[in-house]
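S.K.: When you line the sequence shown up against the numbering used here, it's residues 9 to 382, in that order. Next up is a structure, given as structure tokens.
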Amino acid sequence: MANNEEEMVVTPWEVSGKVDYERLIKEFGTQPLTDALIKRIEKVAGYQHLQLRRKIFFSHRDLDVLLDLYDKGEKFVLYTGRGPSSHTHLGHIMSWIFTKYLQDAFKVKLYFQLTDDEKFLHIRDLTLDDARDYAYDNALDVIAMGFQQGKTKLIVDTKNIALLYELALRVAKLTTFSTARAVFGFKEESNIGIIFYTAVQSAPCFLESVITGKKVPCLIPAGIDQDPHWRVARDAATRLGYYKPAQMHCKFMPSLQQSGKMSASIPETAIYLTDTPKEAKKKIMNAFTGGRPTIAEQRKFGGNPDICPVHQYFYFLFEEDDKKMEELNSTCRRGEILCGECKELLAERVGKFLLNHQRKRKQARNVLQKYLLK
Ligand code: TRP
């Protein structure tokens with residue numbers, strides 16, 4: 009299991025060690041998300057989303073260019089996605105919630121890619137049938153987020169490949185193995201499917217341009233681990249005569265254990281959207297915290313919210329009120345609240361969220377067909 013001493017690794021297929029977001033901006037060559045850009049989004053949306061206010065989305069490429077085009081009357085499309093290797097967990101939906109905010113604000117179309125091909129290729133024991141089943145299962149969670157019907161198209165790769173294939177080929181032809189290896193760290197033993205796959209993930213960036221027959225800008229809100237794919241896509245874009253896709257990058261929701269992002273491969277550390285409130289509570293009660301070993305020490309010295317995943321869950325999703333967040337933070341530091349109490353409070357919020365989500369997820373079954381790209 010990852011720990012803080014470990015070297016930072018951030019690729020589309022592995023995130024481990026303590027993630028230094030400033031360093032990622034430098035190493036990946038992205039731009040920090042500035043207050044001026046946040047204000048421009050706020051102006052259109054009418055309010056500043058929590059994830060902007062708290063800089064959970066912290067980095068971008070070409071967001072300024074995209075907003076300039078928008079101001080001149082050029083509508084863009086949103087594009088994001090999910091690798092369906094398991095049920096959806098809380099870490100996945102953070103950027104989806106934000107994507108919905110953008111869809112509502114800018115009133116734009118969204119392409120959502122479910123990459124059953126990618127997960128089949130990447131995960132040794134996952135069959136193609138299972139990956140595809142998860143794609144349709146995860147699709148229900150996507151719909152339950154409230155994305156606009158008619159303006160939202162879900163792509164299931166193995167189902168919709170005919171629409172993507174020509175674009176993928178054109179990207180693939182412009183991408184050398186040496187670039188792909190440098191960007192993704194492929195090894196001799198990497199299978200040839202996963203090497204081609206990046207072209208499949210690039211394709212939706214340009215899909216709207218192909219469908220409408222004119223250049224349409226594209227904005228991708230996603231975790232920063234996906235950025236290597238966009239480097240490939242952006243390189244190809246200009247040569248194919250499309251706009252370079254713009255990105256907004258977000259941080260990772262922490263695992264309930266000490267560090268690393270919430271991982272679907274370690275089930276106890278992640279809260280799935282299909283968990284019952286009771287199951288979720290059990291995981292929360294077992295979480296690592298920034299607390300002291302004994303109550304007496306906690307009261308005397310206080311806890312450390314900075315390293316505490318429970319605290320982070322409030323910060324990322326479950327306490328929207330900045331004042332209350334600050335209060336939670338300082339009562340912890342002063343030793344006025346114990347970890348058990350904090351966990352109870354979080355479990356209650358998560359439980360409520362899950363019940364509400366599961367109700368919407370059930371309803372999503374009735375409209376699934378309307379969301380799937382035909
Ligand atoms: N590769 C992503 C994953 O494993 C899935 C994905 C496909 C995606 N297209 C995307 C994620 C666009 C964000 C944006 O989760």
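Each residue gets a CB set at the ideal place from its N, CA and C atoms; glycine is no exception. On a predicted model such as this, the values are computed, not experimentally measured, just so you know.
Can you give the Cα-Cα distance for A10 and V23, rounded to whole angstroms?
M.R.: With a pLDDT of 43 at A10, under the threshold of 50, the modelled position of this residue cannot be trusted; read the value that follows with caution. Each residue's Cα considered, the two are about 9 Å apart.
S.K.: Can you name, in chain order, every residue of its own chain whose Cβ lies under 6 Å from the Cβ of C340, other than the five neighbours on each side?
M.R.: Closer than 6 Å at the Cβ level, and outside the excluded window around C340, lie G311 and P313.
S.K.: So for Y379, helix, strand or coil by DSSP?
M.R.: If DSSP states are grouped into helix, strand and coil, Y379 belongs with the helices.
S.K.: Is A230 a contact residue of the ligand TRP, with contact defined as CB to any heavy atom under 6 Å?
M.R.: Yes, since a heavy atom of the ligand TRP falls inside the 6 Å radius drawn around the Cβ of A230.
S.K.: Would F383 and M256 be called neighbours here (beta carbons separated by less than 7 Å)?
M.R.: The shown model of the chain, from 9 to 382, leaves out residue 383, and the question about it has no answer.
S.K.: To the nearest angstrom, how far is it from the Cα of K332 to the Cα of L248?
M.R.: Rounded to whole angstroms, K332 to L248 spans 50 Å at the Cα level.
S.K.: Can you have a look at R373 and say buried or exposed, based on whether 16 or more other CB atoms are within 10 angstroms of its CB?
M.R.: With fewer than 16 Cβ atoms within 10 Å of its Cβ, R373 is classed as exposed.
S.K.: Note the first and the last residue of the continuous beta strand (DSSP E) segment covering K222.
M.R.: Taken as a continuous stretch (DSSP letters only), K222 belongs to no beta strand (DSSP E), as it is neither H nor E.
S.K.: Would you call S94 buried or exposed, if buried means 16 or more other Cβ atoms sit within 10 Å of its Cβ?
M.R.: With 16 or more other Cβ atoms within 10 Å, it is buried.
S.K.: Helix, strand or coil, according to DSSP, for A372 in the structure here?
M.R.: Of the three classes helix, strand and coil, the one that applies to A372 here is helix, per DSSP.
S.K.: Could you compute how far the alpha carbon of I131 sits from the alpha carbon of Y55?
M.R.: Rounded to whole angstroms, I131 to Y55 spans 40 Å at the Cα level.
S.K.: Mapping DSSP to helix, strand and coil, what is M9?
M.R.: Residue confidence for M9 is low, a pLDDT of 40 falling below 50, so the modelled location carries little weight; the figure read from the coordinates is stated next. Reduced to three states, the DSSP call for M9 is coil.
S.K.: Whole angstroms is fine: what's the gap from D330's alpha carbon to F322's?
M.R.: In a straight line, the C-alpha of D330 is about 10 Å away from that of F322.
S.K.: On the DSSP letters alone, give me the boundaries of the beta strand (DSSP E) that E407 sits inside.
M.R.: Because the chain is modelled from 9 through 382, residue 407 falls outside the range shown and cannot be assessed.
S.K.: Quick check: is any heavy atom of the ligand TRP less than 6 Å from the C-beta of T123?
M.R.: Checking every heavy atom of the ligand TRP against the Cβ of T123, one is found closer than 6 Å.
S.K.: Taking the alpha helix (DSSP H) that Y280 falls in, what are its first and last residues?
M.R.: No alpha helix (DSSP H) contains Y280, which DSSP labels as neither H nor E.
S.K.: Hey, A244 and H68 are a contact pair by Cβ (cut 8 Å); roughly how many whole angstroms apart?
M.R.: Not confirmed; about 20 Å, so no contact.
S.K.: Give the straight-line distance between the Cα atoms of K351 and V358, rounded to the nearest whole angstrom.
M.R.: Cα-Cα distance, rounded: 10 Å.
S.K.: Return the bridge partner residues of M256 from the DSSP annotation.
M.R.: Paired residue(s): H68 and P229.
S.K.: I want to check one thing, is the minimum distance from the CB of Q209 to the heavy atoms of the ligand TRP below 6 Å?
M.R.: It does: the Cβ of Q209 is within 6 Å (strictly closer) of some heavy atom of the ligand TRP.
S.K.: Can you look up T206 in the DSSP assignment and give me helix, strand or coil?
M.R.: Residue state, collapsed to three classes: helix.
S.K.: Spell out a yes or no on whether the region 205-212 and the region 178-191 are touching, meaning 3 or more CB-CB pairs, one atom from each, closer than 8 Å.
M.R.: As far as the Cβ criterion goes, the region 205-212 touches the region 178-191, which means the pair count is three or higher.
S.K.: Flag T96 as yes when its Cβ comes closer than 6 Å to any non-hydrogen atom of the ligand TRP, and as no otherwise.
M.R.: It does not: the Cβ of T96 is nowhere closer than 6 Å to a heavy atom of the ligand TRP.
S.K.: Would E174 pass as a contact of V85 if the rule is Cβ separation under 7 Å?
M.R.: It is not a contact, given that the beta carbons lie outside the stated cut-off.
S.K.: Quick check: what's the CA-CA separation for Q265 versus G348?
M.R.: Straight-line Cα distance between these residues: approximately 15 Å.
S.K.: Going by other Cβ atoms of all chains shown within 10 Å of its Cβ, with 16 needed for buried, is R140 buried or exposed?
M.R.: So R140 ends up on the buried side.
S.K.: Run through DSSP, which three-state label would T302 get?
M.R.: Three-state DSSP puts T302 in coil, outside helix and strand.
S.K.: To which residues of the same chain is L162 closer than 7 Å at the C-beta, ignoring the five residues directly before and after it?
M.R.: Only F120, L122, A147, V150, Y379, L380 and L381 meet the Cβ criterion.
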